[in-house]
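Q: Provided herewith is a single structure, encoded as structure tokens, for subsequent inquiry.
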Amino acid sequence: MTITTHQTTPYAGQKPGTSGLRKKVRVFAQPGYAENFIQAVFDVVERAPGSTLVIGGDGRYHNRTVIQQAIRMAAANGYGQVLVGQGGILSTPAASNVIRRYKASGGLILSASHNPGGPDEDFGIKYNIANGGPAPEGVTESIYARTQTIDRWLAVDADDIDLDTCGSVDVGGCQVSVIDPVADYADLMETLFDFAAIRAAVADGLTMAFDAMHAVTGPYATEILEKRLGFAPGTVRHGVPLEDFGGHHPDPNMVHAKALFDTMFGPDAPDFGAASDGDGDRNLIVGKGRFITPSDSLAMLAANAHLAPGYARGLAGIARSMPTSAAADRVAEALGIPAYETPTGWKFFGNLLDAGMATICGEESAGTGSDHVREKDGLWAVLLWLNILAVRKISVDELAREHWAKYGRNYYARHDYEGLPTEQADALIAALNGKLASLPGQSFGPLTVAAADSFSYLDPVDGSTSANQGLRVLFEGGSRIVFRLSGTGTEGATLRVYLERYEPADGYLDRETSDMLADLIAAADAVAGIVAHTGRTAPDVIT
Ligand code: VG1
Ligand code: CO
Numbered sequence: 000m001t002i003t004t005h006q007t008t009p010y011a012g013q014k015p016g017t018s019g020l021r022k023k024v025r026v027f028a029q030p031g032y033a034e035n036f037i038q039a040v041f042d043v044v045e046r047a048p049g050s051t052l053v054i055g056g057d058g059r060y061h062n063r064t065v066i067q068q069a070i071r072m073a074a075a076n077g078y079g080q081v082l083v084g085q086g087g088i089l090s091t092p093a094a095s096n097v098i099r100r101y102k103a104s105g106g107l108i109l110s111a112s113h114n115p116g117g118p119d120e121d122f123g124i125k126y127n128i129a130n131g132g133p134a135p136e137g138v139t140e141s142i143y144a145r146t147q148t149i150d151r152w153l154a155v156d157a158d159d160i161d162l163d164t165c166g167s168v169d170v171g172g173c174q175v176s177v178i179d180p181v182a183d184y185a186d187l188m189e190t191l192f193d194f195a196a197i198r199a200a201v202a203d204g205l206t207m208a209f210d211a212m213h214a215v216t217g218p219y220a221t222e223i224l225e226k227r228l229g230f231a232p233g234t235v236r237h238g239v240p241l242e243d244f245g246g247h248h249p250d251p252n253m254v255h256a257k258a259l260f261d262t263m264f265g266p267d268a269p270d271f272g273a274a275s276d277g278d279g280d281r282n283l284i285v286g287k288g289r290f291i292t293p294s295d296s297l298a299m300l301a302a303n304a305h306l307a308p309g310y311a312r313g314l315a316g317i318a319r320s321m322p323t324s325a326a327a328d329r330v331a332e333a334l335g336i337p338a339y340e341t342p343t344g345w346k347f348f349g350n351l352l353d354a355g356m357a358t359i360c361g362e363e364s365a366g367t368g369s370d371h372v373r374e375k376d377g378l379w380a381v382l383l384w385l386n387i388l389a390v391r392k393i394s395v396d397e398l399a400r401e402h403w404a405k406y407g408r409n410y411y412a413r414h415d416y417e418g419l420p421t422e423q424a425d426a427l428i429a430a431l432n433g434k435l436a437s438l439p440g441q442s443f444g445p446l447t448v449a450a451a452d453s454f455s456y457l458d459p460v461d462g463s464t465s466a467n468q469g470l471r472v473l474f475e476g477g478s479r480i481v482f483r484l485s486g487t488g489t490e491g492a493t494l495r496v497y498l499e500r501y502e503p504a505d506g507y508l509d510r511e512t513s514d515m516l517a518d519l520i521a522a523a524d525a526v527a528g529i530v531a532h533t534g535r536t537a538p539d540v541i542t
């Protein structure tokens, strides 16, 4: 088969953000745009000749086009085998599992996760390394550097393959196998959780609603929840993946999963509600009349994980991203295990997991996972919750109240200001950065600043440092505000303001979060000048 060398010139701005390269579809659809990036990956990543590459995506618009091209390019670049999910579909955690299980040298995950999809919306490409996790910063920096000098990309001359039928075909000397995207993942889940106990609870009347948001998790949730665990047909809602997610944002939060919230706070609520995002790595947990923040979910899962067979041996440590609330730290302390605080983005957990230093990890953005793969995993969190509820035979609300009565409660919210002009957002951060040193001792309403800094992470495993990972304003008494700019958007800037207040076990444990955070919300504007810099008087999204 002929390998064709296509001449090209660099595109500016092919810099991976928090989670891969994300741009509008029309940007990705420019001639050679995706090809340049994929070739840059192939040029720099570690791989032996004849290695295996995994390719999967969240089913969004433009997925199939890029997959077909990536297959031709992988063949021309010396890969011996390509594993691709049927229909081009692999959830992000399932792709991580396939990479690990089949000892691939890495994988391309085609997703923009929670961002909307369609011809005028977003697309993304992320490279994962041989451990199944997102490429660490050193690798993404080399990929970016390569995109800036790239002058050719390689592809074999071959037709598109049939992505919808499982089986193997030869493409230019490379074996391309279309695999069942669900089976290996569902089998892995059966090794971690007590399916028999969950099935018994379902037979006993446990009910749930799962909103797949017309994204990648639908087939996984249908197989696992309805077929293997026996939840009633219809438990999985919006279960068919659509290229535009039915016109919605596949972001499982109170705004975009509102229908699920309405169900869970309505008169006929099932016992348990959950949702996942575009690529299946996030989770939303909501009990009957009780929302569980992702930070609390991490803490509650860690405190009860030993009830699931896969974690009966206990946890080595718990890791959370810096903006995630400290609720999990209290559990780690009680368990006598280390707690780690990393920058935002799953790529920072990989080393801790590989080194066996952490077993469970989580982010406030609805990402939770463990050492079973190297990505956050939406259905994993749902199944661990179900396992715990089945064994404990209590409701989500009871479990939450019991947890707070023991550890205290970290009231928590994130306020997002979306679509800001980049200059405005940069100016706000620069101004705040400039005055951090003068903040300690200053008071904002009843709150007095104890410390303020720009978060920098020293990776305890490889010794690398990642600076400028968010501005922290810590108040006396344990409350704090974190400011950072999103690294996953495709238009303008998004300012994220993370608010946290700790209430001890003998304090107010069941108040409205917005009331409990009112002083912090006022302080956030006073300290950072949000209204003055942006003209915005309220956030676009509160999670
Ligand atoms: C956001 C979240 C972060 C998460 C990332 C990828 O990043 O805050 O916690 O890891 O999305 O999640 P940012 O830079 O926009 O704050 V996913 O599910 O979109 O791959
Ligand atoms: Co995601």
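Take the sequence shown: its position 252, counted from the start at 1, is 251 in numbering that gives the first Met the number 0, and no numbers get skipped.
Where is the CB? At the ideal position from N, CA and C, for every residue including glycine.
#1: Identify the continuous alpha helix (DSSP H) that holds A380 and give its terminal residues.
#2: Which residues end up in the neighbourhood of the ligand VG1 when you take C-beta atoms closer than 6 Å to any of its heavy atoms?
#3: For C360, write down the residues that DSSP places opposite it in a beta bridge.
#4: For I336, name the three-state secondary structure that DSSP assigns.
#5: Between the beta-carbon of G361 and the beta-carbon of R319, is there less than 8 Å?
#6: Quick one: is the Cβ of D415 within less than 7 Å of any heavy atom of the ligand CO?
#7: Could you check the C-alpha separation between A327 and D295 for me, to the nearest Å?
#8: G537 by DSSP, collapsed to three states: which one?
#9: Cβ atoms of A185 and I223: under 8 Å apart, would you say?
#10: Check whether the segment 232-239 and the segment 325-345 are in contact - that is, three or more C-beta pairs closer than 8 Å.
#11: Measuring only from the beta carbon, is D328 closer than 7 Å to any heavy atom that is part of the ligand CO?
#12: Is the shortest distance between the beta-carbon of V24 and the beta-carbons of chain C less than 8 Å?
#13: For E499, write down the residues that DSSP places opposite it in a beta bridge.
#14: Given the structure, does D163 come close to the ligand CO, in the sense that its CB is under 7 Å from one of the ligand's heavy atoms?
#15: Counting pairs of beta carbons, one from the segment 83-96 and one from the segment 41-51, are three or more of them closer than 8 Å?
#16: If you run the structure through DSSP and keep just helix, strand and coil, what is S275?
#17: Thinking A111 and F122 are a contact (beta carbons under 8 Å), I'd like their distance in whole angstroms, please.
#18: Is DSSP giving N127 helix, strand or coil here?
#19: Excluding the 5 residues preceding and the 5 following L508 in the sequence, name in chain order all residues of the same chain whose CB lies nearer than 6 Å to its CB.
#20: In chain order, what are the residue ranges of uninterrupted beta strand (DSSP E) at least 3 long that sit wholly in the segment 408-467?
#21: In chain order, what residues of the same chain have a beta carbon less than 8 Å from the beta carbon of T323, not counting five sequence neighbours either side?
#22: Cutting at 7 Å between CB atoms, please list the residues of its own chain near A544, excluding the five before and the five after it.
#23: Nearest-angstrom Cα distance between N252 and V540?
#24: Return the CA-CA distance between K14 and A389, expressed in angstroms with no decimal places.
#25: Between the segment 3-21 and the segment 134-152, are three or more C-beta pairs nearer than 8 Å?
#26: Where do the ends of the beta strand (DSSP E) carrying S176 lie?
#27: Compare the beta carbon distance of D514 and L446 with 8 Å and say whether it is the shorter of the two.
#28: Three Cβ pairs or more, each shorter than 8 Å: is that satisfied between the segment 175-194 and the segment 83-93?
#29: Buried or exposed: where does M188 fall if 16 or more other Cβ atoms within 10 Å of its Cβ makes it buried?
#30: In chain order, which continuous runs of the beta strand (DSSP E) of length 3 or greater are located wholly inside the segment 13-86?
A: Once the coordinates are examined:
#1: According to the DSSP assignment, A380 belongs to the alpha helix (DSSP H) that extends over 377-391.
#2: T17, S18, S112, H113, D276, D280, R281, S320, T343, G344, W345, E362, S364, G366, S485, G486, T487, R495
#3: A318, G368
#4: coil
#5: yes
#6: If you check the C-beta of D415 against the ligand CO, you find no heavy atom less than 7 Å away.
#7: 7 Å
#8: The displayed chain sequence assigns Ala, not Gly, to residue 537. Coil.
#9: Closer than 8 Å, so yes.
#10: no
#11: no
#12: The question asks about chain C, but that chain is absent: this structure has only one protein chain.
#13: Y411, R479
#14: no
#15: no
#16: coil
#17: For a cut-off of 8 Å, the C-beta gap from A111 to F122 is around 6 Å, short enough to register as a contact.
#18: strand
#19: W403, R408
#20: 408-419, 446-453
#21: P293, S294, L297, G361, E362, E363
#22: Any property of residue 544 remains undetermined from this structure, which presents the chain solely from 0 to 542.
#23: Straight-line Cα distance between these residues: approximately 9 Å.
#24: 45 Å
#25: yes
#26: 173-178
#27: no
#28: yes
#29: buried
#30: Those beta strand (DSSP E) runs which fall completely within the segment 13-86 and span 3+ residues are 20-23, 51-56.
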